[in-house]
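Chemist:
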Amino acid sequence: MMLSVENLKVKYGNIQALHGISFHVDQGEVVTLIGANGAGKSTTLMSIARLTPPEAPRVTEGDISFQGQSLLKTQAHDVVANLKIALCPEGRHIFGNLTVMENLQLATYSRKPGENLEQEYQQIFNLFPRLHERRHQRSESLSGGEQQMLAVSRALMTGCKFLMLDEPSMGLAPLLMYDMFRALKRLNQNGMTILLVEQNARLALQFAHRAYVLDTGEIRISGPCSELMDHPEIKKAYLGG
Ligand SMILES: Nc1ncnc2c1ncn2[C@@H]1O[C@H](COP(=O)(O)OP(=O)(O)OP(=O)(O)O)[C@@H](O)[C@H]1O
Ligand SMILES: [Mg+2]
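Okay, so the sequence shown: first residue is 3 according to our numbering, each after it adds one.
1. Along the chain, which unbroken stretches of the beta strand (DSSP E) at least 3 residues long are found entirely within the segment 162 to 193?
2. Nearest by alpha-carbon distance to Leu-73: which of Gln-107, Glu-8 and Arg-140 is it?
3. Which residues, in chain order, sit with a beta-carbon under 6 Å away from any heavy atom of ligand 1?
4. Taking all protein chains shown into account, do 16 or more other C-beta atoms lie within 10 angstroms of the C-beta of Leu-177, making it buried, or fewer, making it exposed?
5. What are the residues that DSSP puts in a beta bridge with Leu-133?
6. With distances taken between CB atoms, is the gap from Val-82 to His-211 smaller than 9 Å?
7. Ser-143: which of Ser-228, Asn-99 and Ile-36 sits nearest, CA to CA?
8. Where does Arg-140 sit, in a helix, a strand or coil, going by DSSP?
9. Could you check whether the segment 88 to 107 touches the segment 136 to 153, counting it as contact only if at least three pairs of C-beta atoms, one from each stretch, sit closer than 8 Å?
10. Which residues mark the beginning and the end of the beta strand (DSSP E) in which Lys-114 is found?
11. Who are Lys-11's beta bridge partners in DSSP?
12. Let me know if Arg-188 comes out buried or exposed under the rule of 16 or more other beta-carbons within 10 Å of its beta-carbon.
13. Just to check, is the beta-carbon of Cys-199 closer than 8 Å to a non-hydrogen atom of ligand 2?
This is how it looks when you write it as structure tokens:
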């Protein structure tokens, strides 16, 4: 088991966002968390990334462990630099006044000297050729889809082995969305473990191995995606009948 979340309860001030959720991700898997607006998906990812107060979520009970070690006392920068967990956040948060290359370079601050980053830039540009064409362009001039590719690439340049993605399909036209998921599939085939948050349940269930359905801070349904696609409740609530 790579990541294990046990009875996790999280609050923002007095608002209970997660009511004790448990789930796990094995090495090499793609696991998706699906659910409606406000279900607690982003809160779950931010809690794992250890993005802590003042305004971020506070864990009040339960545990998050990664490769057998509790994350609750780990700082956000150690999560990235030592444990090799990266979060591609909801809403991208790229630096618009920096170029594509500069955004990618920023993500390498935690890398050890002597690591061969050239090869990794190459891999990213193979994955997203559009970014290569636009590598010297200011990021704010990219299309929404290209910015999303940049946000994913920036997470990859941390050298992560566990990638968390918060709604990577958001705002993408269908063709770019398929490009994005094709790229993510290739990453997984090359060994990347992925925890994917998606509102597009159909897409997520097609892409992932297993899924958990989050509903107002609780996990209601879970299982292999192939089974959940035929689950009557999921069909009704998340797949349009
Ligand atoms: N900074 C915050 N302060 C107070 N409450 C918050 C904050 N962020 C989120 N919440 C609340 O926590 C709950 C879970 O929010 P969260 O953002 O995790 O949902 P989500 O599943 O990611 O939703 P969406 O699909 O809209 O992104 C919601 O009720 C939300 O209002
Ligand atoms: Mg969210």
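All C-beta atoms, glycine included, are put in the ideal place defined by N, C-alpha and C.
Keep in mind the model is a prediction, meaning the values are calculated, not measured.
Modeler: Reading off the structure:
1. Within the segment 162 to 193, the complete beta strand (DSSP E) segments at least 3 residues long are 164 to 168, listed from N- to C-terminus.
2. By 1-based counting over the sequence shown, the position of residue 73 is 71. Among Gln-107, Glu-8 and Arg-140, the Cα nearest to that of Leu-73 belongs to Glu-8.
3. Checking every Cβ against the heavy atoms of ligand 1 under 6 Å gives Tyr-14, Ile-17, Ala-19, Gly-37, Asn-39, Gly-40, Ala-41, Gly-42, Lys-43, Ser-44, Thr-45, Glu-57, Glu-92 and Gln-201.
4. Mapped onto the sequence shown, residue 177 falls at position 175. It counts as exposed.
5. Position 131 of the sequence shown, counted from the first residue, corresponds to residue 133. Looking at the DSSP assignment, Leu-133 forms no beta bridge with any residue, so it has no partner.
6. The residue given as residue 82 occupies position 80 in the sequence shown. The residue given as residue 211 occupies position 209 in the sequence shown. Not a contact, by the Cβ cut-off of 9 Å.
7. The sequence position of residue 143 within the sequence shown is 141, counting from 1. Residue Asn-99 is the option with its Cα nearest to Ser-143.
8. Within the sequence shown, numbered from 1, the residue matching residue 140 stands at position 138. Arg-140 falls in the strand class under three-state DSSP.
9. Touching, yes, given that three or more Cβ pairs across the two stretches are closer than 8 Å.
10. Counted from its first residue, the sequence shown places residue 114 at position 112. Careful: Lys-114 lies outside any beta strand (DSSP E) and carries neither H nor E.
11. Here residue 11 refers to the residue found at position 9 when the sequence shown is read from its first residue. Residue pairing by DSSP puts Lys-11 in a beta bridge opposite His-21 and Glu-63.
12. In the sequence shown, residue 188 corresponds to position 186, counting from 1. Counting Cβ neighbours within 10 Å, Arg-188 comes out exposed, since fewer than 16 surround it.
13. Here residue 199 refers to the residue found at position 197 of the sequence shown. Here the sequence assigns Val to residue 199, which means Cys is not the residue at that position. Yes - ligand 2 has a heavy atom lying nearer than 8 Å to the Cβ of Val-199.
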